[in-house]
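In the working numbering, the protein residues as written are 32 to 262.
Don't be surprised by glycine CBs; every beta carbon is placed ideally from N, CA and C.
Take a look at the structure set out below.
Take a look at the structure:
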């Protein structure tokens, strides 16, 4: 279901659409398919998804007045509850043509996610996941946001463990079969430091106002390869 919601967004996102209209699509699709948008009302969050454009790192609040333009890079982050279980994923979208630098940021962030998923093998360590993500980001000239991380997910929105997107090999919690968690690296074009918009208490910007990108999967640790549950 969580993947299907993002598929619906992918089919409809375009230049000229407002972020509020995307949010309505997420709400209507989720409710029509017997799901619940988990962010709606979560600690007072007012919408059914987070939409973060360009220099917004995460937790962007959909807005009727925020219209997408050619060249924007956009993260849509949806969490869905079905039969009491949570799944959490996000995707990046490029509106029309954008700069080569933004394209690279979006591409490398997705590569970091996939490398992190591949590193999340049973009986390895969470530090191994963060290490491969950070190394790939740095090799490509980007920084990894440190203030936000992935997390366990299942019968609650946010569960243990915290999944850092930086770290040392062979450090942190041991990954064992049956664990479900999100990997959701946020990469910045400039500094990794971020600031929160105090006027709404949610929207997080890059400190230097350079672009940011994020991709997120929910995965299951198995005896063999990690299984992607939502993307």
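Could you compute how far the alpha carbon of residue i sits from the alpha carbon of residue j?
i	j	result
residue 224	residue 174	9 Å
residue 56	residue 119	17 Å
residue 39	residue 262	13 Å
residue 199	residue 63	44 Å
residue 341	residue 77	Lying outside 32 to 262, the shown extent of the chain, residue 341 is not represented and no answer is given.
residue 112	residue 221	35 Å
residue 66	residue 36	10 Å
residue 97	residue 59	20 Å
residue 196	residue 140	11 Å
residue 218	residue 194	15 Å
residue 134	residue 171	12 Å
residue 51	residue 128	22 Å
residue 33	residue 184	13 Å
residue 229	residue 259	35 Å
residue 95	residue 243	22 Å
residue 132	residue 207	38 Å
residue 169	residue 121	22 Å
residue 231	residue 61	25 Å
Taking C-alpha atoms, which residue in the options lies nearest to residue i?
i	options	result
residue 75	233, 262, 258 and 248	233
residue 85	73, 101, 95 and 72	101
residue 72	88, 87, 190 and 92	92
residue 123	32, 138 and 190	138
residue 180	128, 133, 132 and 147	147
residue 211	46, 159, 47 and 190	190
residue 136	241, 249, 256 and 248	241
residue 255	152, 203 and 47	152
residue 145	33, 133 and 247	247
residue 202	32, 129 and 159	159
residue 99	34, 231, 48 and 169	48
residue 90	150, 245 and 149	245
If you drop the 5 nearest sequence neighbours on each side, which residues of the same chain put their C-beta closer than 7 Å to that of residue i?
i	result
residue 205	154 and 156
residue 209	252
residue 69	110, 111, 112, 117 and 188
residue 182	189, 190, 193, 194, 212 and 213
Just checking my contact of residue i with residue j at CB under 8 Å: how many whole Å lie between their CB atoms?
i	j	result
residue 252	residue 216	About 18 Å; that fails the 8 Å criterion.
residue 162	residue 142	Not really, about 15 Å apart at Cβ, beyond 8 Å.
residue 237	residue 88	6 Å
Identify, in the order they occur along the chain, each residue of the same chain with its Cβ nearer than 8 Å to the Cβ of residue i, setting aside the five sequence neighbours on each side.
i	result
residue 53	40, 43, 44, 80, 82, 93 and 107
residue 186	115, 116 and 117
residue 126	44, 45, 46, 99, 100, 101, 102, 103, 104 and 105
residue 130	102
Which residues does DSSP pair with residue i in a beta bridge?
i	result
residue 84	105
residue 201	In the DSSP output, where bridge partners are listed per residue, residue 201 has none listed.
residue 226	236
residue 110	119
residue 89	235
residue 65	None; residue 65 has no bridge partner.
residue 212	183 and 250
residue 153	BP columns for residue 153 are empty, so no partner.
residue 124	105
residue 244	218
Ignore the nearest five residues each way along the sequence and tell me which others in residue i's own chain have a CB closer than 6 Å to its CB.
i	result
residue 177	223
residue 227	235
residue 257	148, 151 and 250
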